[in-house]
Amino acid sequence: MEAVGQFWADIEILRNILSWGFILAGGIAVVSGAIGIVRFPDFYTRLHAAGVTDTGGAELILIGMLLQAPTWIVAVKIFFIGAFLFFTSPVATHAIAHAAWMVGFKPLEGPELRYKEDGE
Amino acid sequence: MGRFIILVLALAGLWLLLSGYFDNALLLMLGAASIAVTVWLAARARVMDGDSVPTGLMPRIFAYWWWLTGEIGKANIIVIRQALAVEPKLSPKMFTVPLPPKTTVGQATFANSITLTPGTVSVDLREDGILVHGLTEGLCDVAAITDMGERVARCEGSGQ
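Those sequence lines, one after another, are chains V and B.
With this note's numbering applied, the first sequence covers 35 to 154.
With this note's numbering applied, the second sequence covers 25 to 184.
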């Protein structure tokens with residue numbers, strides 16, 4: 035099959051090693067994000083843990099999949115998925131955080147993790 | 025006019041790369057027709073401005089995105105270490121950072137960059153700054169975030 039090109043076929047071992055590393059790193063990021071969502075104390079801090087899954091996790095796994103692409107048209111589509119995720123995920127995160135802030139949801143603050151009193 | 029050409033080229037590139045048809049005349053004609061309709065509708069709805077076709081930040085925004093990827097990587101490691109630490113040392117707080125970009129696209133890019141970097145989420149956009157929620161003391165670095173905003177502002181150039 036000429037679709038991949040000789041060079042892409044020649045570096046198959048290198049591609050497999052790299053994509054193995056990227057997918058493993060992405061998997062670690064996704065799992066860490068999930069653990070963070072459970073462990074962090076309040077809504078706003080949990081958003082940050084979800085952000086790890088959104089950015090590091092998703093993009094690293096997509097890079098790993100990019101290296102496994104059988105044809106360049108598949109590679110381009112994976113690249114587009116990554117690019118659109120890059121632009122849309124912060125909008126969703128901001129929408130959630132903004133909605134919580136607007137209805138008066140207070141964050142835990144400071145190293146003692148307590149709610150700030152009025153007038154402080 | 026420049027914006028019109030860039031929109032047509034971007035739509036044509038997207039259509040060709042997503043469909044993968046390069047030698048089927050009928051499908052290429054239909055693709056061209058769909059692009060023409062899209063551009064016509066965009067022009068008719070008067071949305072073909074600096075917000076929806078943000079050519080004002082190009083081409084320097086591509087270098088900025090590359091730099092931002094590195095920042096996201098570094099912040100990811102910090103947040104992952106906190107998530108997996110036996111005793112997470114969190115010190116969340118709300119703080120305001122200044123807003124160096126002047127155009128709406130630049131401000132949206134800056135706010136999205138803050139949110140994309142794990143450990144900081146932009147919560148509210150105000151007249152004079154962005155309200156940010158930070159996860160730890162080290163991540164609540166107003167100087168570093170302002171530097172990110174100034175990089176976006178430099179991409180704006182003369183502005184739209």
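Glycine residues also receive a C-beta, built at the ideal position from the N, C-alpha and C atoms.
Residue of the options minimising C-alpha distance to residue i
i, options, result
"B/N100", "V/A126, V/T89, V/F114", "V/T89"
"V/V125", "B/G97, B/P112, B/V147", "B/V147"
"V/A117", "B/E95, B/W90, B/L108, B/V103", "B/W90"
"B/D152", "B/T170, B/C179, B/L163, B/G162", "B/T170"
"B/I59", "B/L92, B/R68, B/G162, B/V32", "B/V32"
"V/H128", "B/D75, B/T127, B/I154, B/V61", "B/I154"
"B/E111", "V/G70, V/A43, V/G55", "V/G70"
"B/C179", "B/A87, B/W39, B/M53, B/R70", "B/A87"
"B/F134", "B/D73, B/A177, B/R70", "B/A177"
"B/I102", "V/G67, V/P141, V/D44", "V/G67"
"V/E46", "V/K111, V/A103, V/L142", "V/A103"
"V/L81", "B/L42, B/I104, B/A69, B/N48", "B/I104"
"V/P145", "V/G39, V/A43, V/T79", "V/T79"
"B/I30", "B/D73, B/I96, B/M53, B/D47", "B/D73"
"V/G85", "B/L40, B/F46, B/I96", "B/I96"
Cα-Cα separation between residue i and residue j, rounded to whole angstroms
i, j, result
"V/N50", "V/L101", "7 Å"
"B/E174", "B/R150", "17 Å"
"B/L51", "V/T105", "21 Å"
"B/Q106", "B/L114", "8 Å"
"B/V63", "V/F114", "21 Å"
"B/I85", "V/L58", "30 Å"
"B/A36", "B/G44", "12 Å"
"V/S53", "V/G98", "4 Å"
"B/T93", "B/G55", "33 Å"
"V/L119", "B/K98", "19 Å"
"B/C164", "V/I95", "28 Å"
"V/D76", "V/S123", "20 Å"
"V/E93", "V/I107", "18 Å"
"V/F41", "B/R27", "37 Å"
"V/A83", "B/A109", "13 Å"
"B/S76", "B/A57", "21 Å"
"B/G183", "B/L123", "Because the pLDDT at B/G183 is just 46, under 50, the model does not fix this residue reliably, and the point stays unresolved."
"B/G130", "V/R73", "35 Å"
"B/A66", "V/I112", "27 Å"
"V/Y149", "V/E143", "6 Å"
Any non-hydrogen atom of the ligand MG closer than 7 Å to residue i Cβ
i, result
"B/T170", "With respect to the ligand MG, the structure offers nothing, as it holds no ligand at all."
Neighbour flag for residue i against chain B, beta carbons, 8 Å
i, result
"V/V137", "no"
"V/P104", "no"
"V/L96", "no"
"V/L81", "yes"
"V/Y78", "yes"
"V/A92", "no"
"V/L100", "no"
"V/R73", "yes"
"V/I115", "no"
"V/I107", "yes"
Any C-beta of chain V under 8 Å from that of residue i
i, result
"B/T127", "no"
"B/N13", "Examination of residue 13 of chain B is not possible in this model, given that chain B is present from 25 through 184 alone."
"B/P142", "yes"
"B/L42", "yes"
"B/T79", "no"
"B/N136", "yes"
"B/T170", "no"
"B/T62", "no"
"B/I96", "yes"
Listed in chain order, which residues of the stretch 146-161 of chain B have Cβ atoms closer than 7 Å to some Cβ of chain V?
-> S146, V147, D148, H157, L159
At a cut of 8 Å, does the stretch 82-101 of chain V reach the stretch 136-151 of chain B through at least three beta carbon pairs?
-> yes
Going along the stretch 103-120 of chain B in order, which residues come within less than 8 Å of chain V, judged by CB to CB distance?
-> V103, I104, Q106, A107, L108, P112, K113, L114, S115, P116, K117, M118
Pair every Cβ in the stretch 68-83 of chain B with every Cβ in the stretch 56-76 of chain V, then say whether three or more of these pairs are closer than 8 Å.
-> no
Pair every Cβ in the stretch 134-150 of chain V with every Cβ in the stretch 112-124 of chain B, then say whether three or more of these pairs are closer than 8 Å.
-> yes
Specify whether the stretch 119-136 of chain B and the stretch 153-171 of chain B touch according to this definition: at least 3 beta carbon pairs, one from each stretch, less than 8 Å apart.
-> yes
Taking any Cβ of chain B, which residues in the stretch 44-71 of chain V have a Cβ under 8 Å from it, in chain order?
-> I62, A63, S66, G67, I69, G70
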